[in-house]
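Participant: Per our numbering, residue 1470 is the first one in the sequence shown, and the count goes up by one each step. Backbone N, C-alpha and C define an ideal beta-carbon position, used for all residues, glycine too. Just so you know, these numbers come straight off a predicted model, no measurement behind them. Below is one structure. I have some questions about it.
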Amino acid sequence: FKQNGDGILDTFANSQHTVRVAPGEVMVLGAIRAGKEKKLSLTSNNNSTMTATFNLWGDANRPTVIELDDDQGWHLYSQRNPDGSIVFTVNGDITANTLRAGGAIYQNNGDIFGSVWGNSWLSLWINNNFVADVQLGAGTSVTTWNNAGSWPNTLGYVVTSVWKDAQG
């Protein structure tokens, strides 16, 4: 231990400065680890351009707020509301391969899974409930007045118009 100024106490191990205790703060020059078998670690690589802070605070409207911010503002927070519910808010974009919200799943390809689509994917629901691959073929003329005529007998064809000419 070394007293290093008014109210400052430094700790050294193997001639390496490890901890500084100053009024209102403790600075660890390395990682802070909690736990025995599985550890929770808080580290800094000391190469960020700004300082980051985890802050725990609250008031009557927001009883418990855990917030991460840097020198320019807040990044995200998790908040317990007065009714006991929890809100997680991000100040920017969220990037995810898959996003789950309640029973809905949003895939990175834009597909959506949910109960409104019959507990299936939106793309499957659309393919199963709408006509796909409609093509307009060449026009066909068939004589049908006073005889049976011969309409094309191919699956998928639809008659789009009928007219009577001056001959029939």
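Phe1599: buried (16+ other C-beta within 10 angstroms of its C-beta) or exposed?
Facilitator: It counts as exposed.
Participant: Since Ile1568 contacts Val1559 with CB under 8 Å, what's their CB separation in whole angstroms?
Facilitator: Reading the sequence as shown, one finds Leu at residue 1568 and not Ile. Actually they are not in contact, since the Cβ atoms of Leu1568 and Val1559 sit about 12 Å apart, beyond 8 Å.
Participant: How far does the beta strand (DSSP E) with Leu1509 in it reach, from first residue to last?
Facilitator: Leu1509 to Leu1511 is the extent of the beta strand (DSSP E) around Leu1509.
Participant: Taking 6 Å as the limit between beta carbons, can you name the residues of its chain near Ile1535, skipping five residues before and five after?
Facilitator: Counting only Cβ-Cβ distances below 6 Å, and skipping sequence neighbours, we find Leu1525 and Ser1547.
Participant: Could you check whether Arg1489 and Met1496 sit closer than 7 Å to each other, using their CB atoms as the reference points?
Facilitator: Their beta carbons are under 7 Å apart, which means Met1496 touches Arg1489 by this criterion.
Participant: For the candidate residues Phe1470, Leu1605 and Ile1555, whose alpha-carbon lies nearest to that of Ser1484?
Facilitator: Nearest option by C-alpha distance: Phe1470.
Participant: Helix, strand or coil, according to DSSP, for Trp1526 in the structure here?
Facilitator: Looking at Trp1526 - three-state DSSP - the assignment turns out to be strand.
Participant: Checking 7 Å against the spacing of the C-beta atoms, do Ala1413 and Ile1477 come in under that value?
Facilitator: A question about residue 1413 goes unanswered here, because the residues of the chain that appear run from 1470 up to 1637.
Participant: Checking contacts by CB at 7 Å: is Ser1510 closer than that to chain D?
Facilitator: Absent from the structure: chain D. Only one protein chain is present.
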